[in-house]
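Chemist: The numbering used here puts the first residue of the sequence shown at 2, with every later residue one more than the last. Virtual Cβ for every residue (Gly too), placed ideally from N, Cα, C. Bear in mind that the values here come from a model prediction, so they are computed numbers and not experimental data. Below is the structure I would like to discuss, written out as structure tokens.
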Amino acid sequence: MTTHFDVLVIGAGPAGYVCAIRCAQLGKKVAVIEQWLDDKGKSVLGGTCLNVGCIPSKALLDSSHKYKEVTEHYSDHGIGVEQPSINIAAMMARKEQIVAQLTGGVAGLLKHNGVDVIQGRGKLLANRRVQVVAADGSENTYDADNIVLAAGSLPIDIPVAPVDQDVIVDSTGALAFEEVPGKLGVIGAGVIGLELGSVWGRLGAEVVLLEAMDSFLPTMDKQIAKESQKLFKKQGLDIRLGARVTGTEIQDGKVHVTYAVGDDSHTEVFDRLIVSVGRRPQTEDLFAEDAGVTMDERGSIFVTEECATEAPGVWAVGDIVRGPMLAHKGSEEGVMVAEQIAGKHHPLNYDLIPSIIYTHPEIAGVGKTEQELEAEGIAYKVGTFPFAAIGRALAAGDSDGLVKIISDENTDQLLGAHCVGPSAADLVQQLLIAMEFGSSTEDIQMMVFGHPTLSEAVHEAALAVDGKAIHMANRKKR
Ligand code: FAD
Ligand code: NAD
């Protein structure tokens, strides 16, 4: 007999579990199917984000930042610490404890909301049926009025650097090193390369990032990317642009990497090598040929703006569909789909999804970049303000970077907010809220910001758009 649900969700990552919870809140009978098991055979919820992504990487970023503070900056505050040391095992245990707390929390939330968890690998069949093969080999078939595919993504492999999770690792391996590598190579100076390169660099590794593109962080605002590159250089990250890796060879536990920059060939020997060249949607054997689901030209599941696939009653959300592979984007898609299943209209503003790199300082941006506006021929005005002129940033000894606001030259409407600096993600989020409400720069200029706060950089950048910043010399005066 086939068990029936109102909604079946395949994948319990941030896109899938959030969708399941919202469906349950809206009165639906829901089950989420998840294949992931831990080494004790227990079901693992939370997907990439909670287990091998956002959360463990941030735990290590925070631990390594504290180490860097103790070793390099405490003395500025008059605090002496004799011989700080690192215990990697303890750092990893802390990370695992945070992951366990959060994944346990997801299990509790699903239970609280009456969502069934079905262990196994799900495959969408025709007519809104799902076949599930459990770890013990048993098979069951379920059907539902609505099915949500939320199977996430996997790291991209490149044949030139095959991952063995020992010497050559992907992001999952790089979150679990047992010791600090002496010399660490990273292929790809994108988000993962910068975050995990920073972790191990702060703990003492010599880090070299080999980036195929000639420009650094090309999708970020160009001024913010340039400033960030300068700061990373100051921190000791060796970022080599235009570097095409042509071969790797493991000898005596080390990896010899050959790469070309233009016509010149180079070799570097690393203790460990991280491959972080992007992620791809996890679609293998996820749906039968006659299920009605189609793919787009980039290998993602094709969906409409509302996340509907071409099969009636089948939706897809998160990393498996177009758009940035970000946990918050997937979760909001999950909510949007749940609301639609319940007959509600719930659009998602894809123009205002923030991107953040959690290095120190953080890098964050939302809305249009200068280069996008130039390409679109839209007249704009810009205001920037450096943290070096913000009292709170100086008091904290954390004054690198700037806030940048871009507004429409004619209407004054906020078009973009970008930042590299302390708490960049939270500062940009303030402007995102303003942008959602269609605010103008003048709206921000006229608001009262607490003193002394980092947020004052947002206020001053807004004032600078019209040459009215108080705590710096303006380029144009009004
Ligand atoms: P996933 O989290 O990948 O979850 C998919 C789930 O589906 C998995 O649990 C998988 O086991 C399961 N599954 C797949 N196929 C099947 C099947 N056939 N049957 C049953 N179950 C199946 N994003 C951010 O926004 N902020 C960050 O700071 C951030 N940091 C990151 C750091 C790292 C190192 C990495 C790798 C990623 C990071 N990301 C970050 C990206 C973020 O993790 C992903 O965007 C997010 O997890 C995608 O959510 P999802 O639910 O679509 O997929
Ligand atoms: P990415 O797309 O951010 O960066 C990959 C980099 O590798 C790019 O700069 C690309 O030009 C380069 N590259 C590709 N092929 C190469 C090659 N053969 N040789 C050298 N360089 C090469 O991807 P990622 O860093 O692997 O991260 C994967 C996904 O995970 C991203 O989409 C990101 O959104 C998500 N993620 C997000 C966060 C966050 O939000 N803070 C953190 C980590 C990961």
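Following a CB-centred definition, is Asp158 positioned closer than 8 Å to any heavy atom of the ligand ZN?
Modeler: Although the ligand ZN was asked about, the structure shown includes only the ligand FAD and the ligand NAD as ligands.
Chemist: Per DSSP, which residues does His419 bridge with? Please list them.
Modeler: Note: His419 sits in a beta bridge opposite Gly366, Lys405.
Chemist: Per DSSP, what kind of secondary structure is Leu395 in: helix, strand or coil?
Modeler: Of the three classes helix, strand and coil, the one that applies to Leu395 here is helix, per DSSP.
Chemist: Which residue wins for smallest C-alpha separation from Ile354, given the options Val19, Gln372, Met326?
Modeler: Residue Met326 is the option with its Cα nearest to Ile354.
Chemist: Output the boundary residues of the alpha helix (DSSP H) element that contains Gly174.
Modeler: Element bounds for Gly174: 172–175.
Chemist: What residues in its chain sit with their C-beta under 6 Å from that of Asp195, if we drop five residues either side in the sequence?
Modeler: Looking at the sequence provided, one finds Leu at residue 195 rather than Asp. Answer for Leu195: Ile358, Thr360, listed in chain order.
Chemist: Need the endpoints of the alpha helix (DSSP H) that Gly490 sits in, please.
Modeler: Nothing can be reported for residue 490, as the shown portion of the chain is limited to 2 through 479.
Chemist: I need the boundaries of the beta strand (DSSP E) containing Glu269, first residue and last residue.
Modeler: It spans 265–271 - the beta strand (DSSP E) in which Glu269 sits, taken as one unbroken run.
Chemist: Report the three-state DSSP secondary structure of Arg281 (helix, strand or coil).
Modeler: The answer is strand: DSSP assigns Arg281 an E or B state.
Chemist: Return the CA-CA distance between Thr1 and Glu437, expressed in angstroms with no decimal places.
Modeler: Because residue 1 is not part of the residues shown, which for the chain are 2 to 479, the question remains open.
Chemist: Helix, strand or coil: how does DSSP classify Arg129 here?
Modeler: If DSSP states are grouped into helix, strand and coil, Arg129 belongs with coil.
Chemist: Work out the CA separation of Glu83 and Glu471 for me, nearest whole Å.
Modeler: Per the sequence presented here, residue 471 reads as Ile, with Glu not at that position. Roughly 42 Å between the two C-alpha positions.
Chemist: Does the distance from the CB of Gly115 to the CB of Lys30 come in under 9 Å?
Modeler: Result yes, Cβ atoms of Gly115 and Lys30 sit closer than 9 Å.
Chemist: Thinking C-beta only, is Phe6 closer than 9 Å to Asp146?
Modeler: Yes, these two residues count as a Cβ contact at 9 Å.
Chemist: Would you kindly check if the distance between the Cβ of Gly186 and the Cβ of Arg273 is under 9 Å?
Modeler: The answer is yes: Cβ separation under 9 Å.
Chemist: Counting along the chain, where does the beta strand (DSSP E) carrying Arg241 start and finish?
Modeler: Looking at the DSSP string, the run of the beta strand (DSSP E) that includes Arg241 is 239–241.
Chemist: In terms of residue numbering, what span does the alpha helix (DSSP H) encompassing Ala328 cover?
Modeler: Per DSSP, Ala328 belongs to the alpha helix (DSSP H) from 328–342.
Chemist: What is the DSSP secondary structure of Trp316, reduced to helix, strand or coil?
Modeler: Strand at Trp316.
Chemist: Give every residue of the same chain whose Cβ lies closer than 6 Å to the Cβ of Asn141, excluding the five residues on either side of it in the sequence, and list them in chain order.
Modeler: For Asn141, where only same-chain residues beyond five positions count, the Cβ hits under 6 Å are Val133.
Chemist: Assess, as a yes-or-no matter, whether the segment 40–53 is touched by the segment 206–214 under the definition of 3 or more beta carbon pairs within less than 8 Å.
Modeler: These segments do not touch.
Chemist: On the three-state DSSP scale, how would you describe Asp144?
Modeler: Looking at Asp144 - three-state DSSP - the assignment turns out to be strand.
Chemist: Whole angstroms are fine: how far does the CA of Leu395 sit from the CA of Ser76?
Modeler: Distance between the alpha carbons of Ser76 and Leu395 is about 15 Å.
Chemist: On the criterion of 16 or more Cβ atoms from any shown chain inside 10 Å, does Ala458 qualify as buried, or is it exposed?
Modeler: It is buried - the Cβ of Ala458 has at least 16 other Cβ atoms within 10 Å.
Chemist: Can you tell me where the beta strand (DSSP E) with Asp444 in it begins and where it stops?
Modeler: Asp444 -> not in any beta strand (DSSP E); alpha helix (DSSP H) instead, spanning 442–446.
Chemist: Could you check whether Glu306 and Tyr260 sit closer than 9 Å to each other, using their CB atoms as the reference points?
Modeler: No; because the gap between Cβ atoms is not below 9 Å, this pair is not in contact.
Chemist: According to DSSP, is Gln36 helix, strand or coil?
Modeler: DSSP places Gln36 in coil when its eight states are reduced to three.
Chemist: Is Ala151 closer than 9 Å to Ile321 when the C-beta atoms are compared?
Modeler: Yes; because the gap between Cβ atoms is below 9 Å, this pair is in contact.
Chemist: Using the DSSP secondary-structure output, state which residues sit across from Ser154 in a beta bridge.
Modeler: Paired residue(s): Pro282.
Chemist: May I ask which residues mark the beginning and end of the beta strand (DSSP E) holding Leu232?
Modeler: Segment 223–236 is the alpha helix (DSSP H) holding Leu232; no beta strand (DSSP E) there.
Chemist: Could you pull out every residue in the same chain whose Cβ sits closer than 8 Å to the Cβ of Gly398, ignoring the five residues on either side in sequence?
Modeler: Once the five neighbours on either side are set aside, the close Cβ partners of Gly398 are His74, Asp77, His78.
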